[in-house]
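Below is one structure, written out as structure tokens; comments come after it.
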Amino acid sequence: MNNEKIILIVDDDGICRMLTRYLTEQGFNSQSVGDGIQMDKWLANHTPALILLDLMLPGGDGLSIARRLRGASNNIPIMMLTAKGEDIDRIIGLEIGADDYLTKPFNPRELLARVNALLRRSNYADMPELLNNNLFSFGPYSFDREALILHNKDQETSLGYADTELLQLFISNPNHPISLDFILDELSGIDRDPFDRSIDVRITRLRKKIEPDPSNPQFIRTVRGVGYRFTPNGNNTT
């Protein structure tokens, strides 16, 4: 068992026992709690590699918990577990900082693929080398890809794993259009619905952190009919 990769499951129904058993069988150290209060007590003494967070919890819903974690600059990867038909809540979850989502009921093998994809994102030894050090500069920013911090003069912005992965992808493919299909493949490594709004939501979230005016982006620009283009010099021409 890999004790360095503890997965914390925050869920209060029968699926929690199934997830704990399945992930343990796959070699993970899986721990489970039933609500946000128990989660806070557990996190006071442990740091998981990933949190599986159900939306519907007693004493505080998953969205509120995710918002609170991100508001405290906690960058532990979060995968939201949502029931079918909760599309709005799923999108809100991504907007407030969740890194991925999975709709119930789900195939355990898909869960495993998503878990491994999120853990790969947080393992920077597997990320492509962009420079000989951890800093990459674009526009007025310096991005520390190890600390997940974006520097702009005297201001610092903490980036989560999902935002970091997306920014890394754009940095690796500057000044030319990249398609949504390419982004989906590179971010997740698993099949996704190309009409899913999750990528657009994540790009909107990243724009709010790096664009002086997110409504008129200079760095991450939309290319109609194709996808997006990253322009490190902030050139706002087509």
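If you read the sequence shown in the working numbering, its first letter stands for residue 1, the second for the next number, and so on.
For each residue, glycine too, the CB sits at the ideal point set by N, CA and C.
| Item | Value |
| --- | --- |
| Whole-angstrom distance between Ser198 and Gly225, CA atom to CA atom | 17 Å |
| Residue nearest to Asp87 in terms of C-alpha spacing, selected from Leu102, Pro77, Gly59 and Phe138 | Leu102 |
| For Gly62, the first and last residue of its enclosing alpha helix (DSSP H) | Gly62 to Gly71 |
| Top-ranked residue by Cα proximity to Met80, from Asn216, Arg90, Pro105 and Gly71 | Arg90 |
| Identity of the residue in Met18, Asp163, Leu112 and Phe219 nearest Asn175 by Cα | Phe219 |
| C-alpha gap between Asp154 and Trp42, whole angstroms | 34 Å |
| Three-state class that DSSP yields for Pro140 in the structure shown | coil |
| For Ser158, the three-state DSSP class (helix, strand or coil) | strand |
| Cα-Cα separation, Asp61 to Ile76 | 18 Å |
| Collapsed DSSP secondary structure at Ile76 in the structure displayed | coil |
| Same chain, Cβ closer than 7 Å to Arg202, five either side skipped, listed in chain order | Leu94, Ala162 and Leu166 |
| Counted within 10 angstroms of its Cβ, other Cβ atoms place Lys241 as buried (16 or more) or exposed | Nothing can be reported for residue 241, as the shown portion of the chain is limited to 1 through 238. |
| Continuous alpha helix (DSSP H) stretch holding Ile88: start and end | Asp87 to Glu95 |
| Which of helix, strand or coil DSSP assigns to Asn152 | strand |
| Cross-strand partners of Gly227 (DSSP beta bridge) | Ser179 and Val223 |
| Rounded C-alpha distance that separates Asp126 from Ile96 | For Asp126, the pLDDT reaches just 39, beneath the cut-off of 50, and the residue's location in the model is therefore unreliable, leaving the point undetermined. |
| Straight-line Cα distance separating Asp54 from Phe28 | 19 Å |
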